[in-house]
Amino acid sequence: MTTIAARGSVPQPESRRDELQDKGFSYVLAFTAFFVLIALAGAALSMLWGGREVLAQEGWRFFFSAEWNPVENRYGALVPIFGTLVTAVIAMIIAVPVSFGIALYLTEVAPSWLRTPVGSAIELLAGIPSIIYGMWGLFVLVPVMTEYGTPWLNDHLGTLPVIGPMFQGPPIGIGMLTAGFVLAIMVIPFVSSVMRDVFLTVPTRLKESAYALGATKWEVVWDIVLPYTKSAVVGGIFLGLGRALGETMAVAYVVGNTVRFSVSLLEPGTTIAALIANDFAEATDTYRSALLLLGFVLFIVTFFVLSIARLMLMRLSRREGLK
Numbered sequence: 196m197t198t199i200a201a202r203g204s205v206p207q208p209e210s211r212r213d214e215l216q217d218k219g220f221s222y223v224l225a226f227t228a229f230f231v232l233i234a235l236a237g238a239a240l241s242m243l244w245g246g247r248e249v250l251a252q253e254g255w256r257f258f259f260s261a262e263w264n265p266v267e268n269r270y271g272a273l274v275p276i277f278g279t280l281v282t283a284v285i286a287m288i289i290a291v292p293v294s295f296g297i298a299l300y301l302t303e304v305a306p307s308w309l310r311t312p313v314g315s316a317i318e319l320l321a322g323i324p325s326i327i328y329g330m331w332g333l334f335v336l337v338p339v340m341t342e343y344g345t346p347w348l349n350d351h352l353g354t355l356p357v358i359g360p361m362f363q364g365p366p367i368g369i370g371m372l373t374a375g376f377v378l379a380i381m382v383i384p385f386v387s388s389v390m391r392d393v394f395l396t397v398p399t400r401l402k403e404s405a406y407a408l409g410a411t412k413w414e415v416v417w418d419i420v421l422p423y424t425k426s427a428v429v430g431g432i433f434l435g436l437g438r439a440l441g442e443t444m445a446v447a448y449v450v451g452n453t454v455r456f457s458v459s460l461l462e463p464g465t466t467i468a469a470l471i472a473n474d475f476a477e478a479t480d481t482y483r484s485a486l487l488l489l490g491f492v493l494f495i496v497t498f499f500v501l502s503i504a505r506l507m508l509m510r511l512s513r514r515e516g517l518k
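The working numbering applies: residue 196 is where the sequence shown begins, and numbers increase by one.
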């Protein structure tokens, strides 16, 4: 019996081979995960290294100065950082309610025969190149803003005491508000698709039980759908925000591409991505170093925003676990 037990405990060649294959597979997966982290860290550090000349020249002043003068080799990132954040916030203010309405319509209101084609059409909008959105913004949205949007905002909102300066500007159509509109149209397909998918994960029994108790559609959405999917909804919103922060060509067409600081949303401005795209081909020496350092700043801003999203999701998960 001892001999039989000892023989049974000896690993067979097939099990040994399977164990090696499992280890090899786990090593490959670990390599792919760490490869992404190494690539991201390498990209960030290479941009920081490329911007070392301007960082040594300007110091911390680079991040807080609004002066951008390549002729005198004076560089400050405040204007493109401000433009990047403002256009992204405008885009999300417009895109989130619209995406929420689209997702709710497709999951709760629309007839079944209409949900699939409309949902597919919205998802296809996400595949349109950004340069197409930029051209549409330049040739369609800018004339509308010049003739109707900017004069109306000047007359009705530009006279208000606190927010008035934000809506005062020349009727030229291009500016941070127009760029925010274009970004919103680009972000809506992403956010609405994520919201629709997570709304579909809500168990039908929960909604049917609420309807059986006399709840309205709004009560079902507010008390059943949103609490069940709020973590995924927040994640989808921040995913769209990350795309809005890094968009380049669509914004470059309509933002105006000027480095003069202005609090007005109707005046031309710039973003980090648009400034790099417009000037990098002609930049040399210190100017190129400044643009590379701007790229590092954009990386940090995006990483910071997505980190906040991750922390919010963790807090929501903890609260759900305590309930």
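Cβ coordinates follow ideal geometry from the N, Cα and C atoms, glycine included.
Every value quoted in this text rests on a predicted model; they were computed, and no experiment measured them.
Classification of residue i by the beta-carbon crowding that lies within 10 angstroms, buried from 16 upward
i      : result
Leu224 : exposed
Glu342 : exposed
Ala236 : exposed
Leu250 : buried
Ile276 : buried
Val377 : buried
Phe334 : exposed
Phe259 : exposed
Met509 : exposed
Ile326 : exposed
Ser388 : buried
Arg211 : exposed
Arg202 : Confidence is the limiting factor: at Arg202 the pLDDT is only 49, short of 50, which leaves the residue's position unreliable and the question unanswerable from this model.
Phe230 : exposed
Glu462 : buried
Ala281 : For clarity, residue 281 is Val in the given sequence; the question names Ala instead. The residue in question, Val281, is buried, as its Cβ has 16 or more Cβ neighbours within 10 Å.
Val337 : buried
Residue i and residue j closer than 9 Å at C-beta
i      : j      : result
Gly368 : Thr396 : no
Ala374 : Thr466 : yes
Leu436 : Ala504 : yes
Leu273 : Phe456 : yes
Gly359 : Val450 : no
Glu303 : Phe220 : no
Tyr270 : Ala485 : yes
Ala261 : Ala439 : no
Gln252 : Asn264 : no
Ile460 : Gly364 : Contrary to the premise, residue 460 reads as Leu rather than Ile in this sequence. In contact: Leu460 and Gly364 (Cβ atoms closer than 9 Å).
Ala168 : Ala447 : In the structure as shown, the chain begins at 196 and stops at 518. Residue 168 is therefore absent and cannot be evaluated.
Ala407 : Ile419 : no
Ile495 : Ala239 : yes
Thr481 : Glu248 : yes
Gly464 : Gly278 : yes
Arg256 : Ile317 : no
Ala321 : Val313 : no
Ile285 : Leu348 : no
Range covered by the alpha helix (DSSP H) that runs through residue i
i      : result
Ser260 : First-last for Ser260: undefined, no H or E at that position.
Gly431 : 421–441
Asp350 : 345–351
Leu250 : 247–253
Val291 : 273–299
Ala374 : 371–394
Val415 : 412–415
Bridge partners - residue i, DSSP secondary structure assignment
i      : result
Gly322 : None; Gly322 has no bridge partner.
Gly464 : Gly451
Arg400 : Note: Arg400 sits in no beta bridge, so no partner.
Gly269 : With the sequence shown as reference, residue 269 is identified as Arg, and Gly is not the correct amino acid for it. DSSP output for Arg269 lists Asn264 as bridge partner(s).
Would you call the stretch 410–423 in contact with the stretch 383–392, where contact means no fewer than 3 C-beta pairs closer than 8 Å?
No contact exists between the stretch 410–423 and the stretch 383–392.
Is it the case that the stretch 466–482 contacts the stretch 490–503, given that we only count it when at least three CB pairs across the two stretches are under 8 Å?
These segments touch.
Just checking, does the stretch 355–365 make contact with the stretch 400–407 on the three C-beta pairs under 8 Å criterion?
In short, these stretches do not touch, since the Cβ pair count stays below three.
Quick test of the definition: if touching needs 3 or more C-beta pairs under 8 Å, does the stretch 426–436 touch the stretch 286–305?
Flag = yes, the stretch 426–436 and the stretch 286–305 touch.
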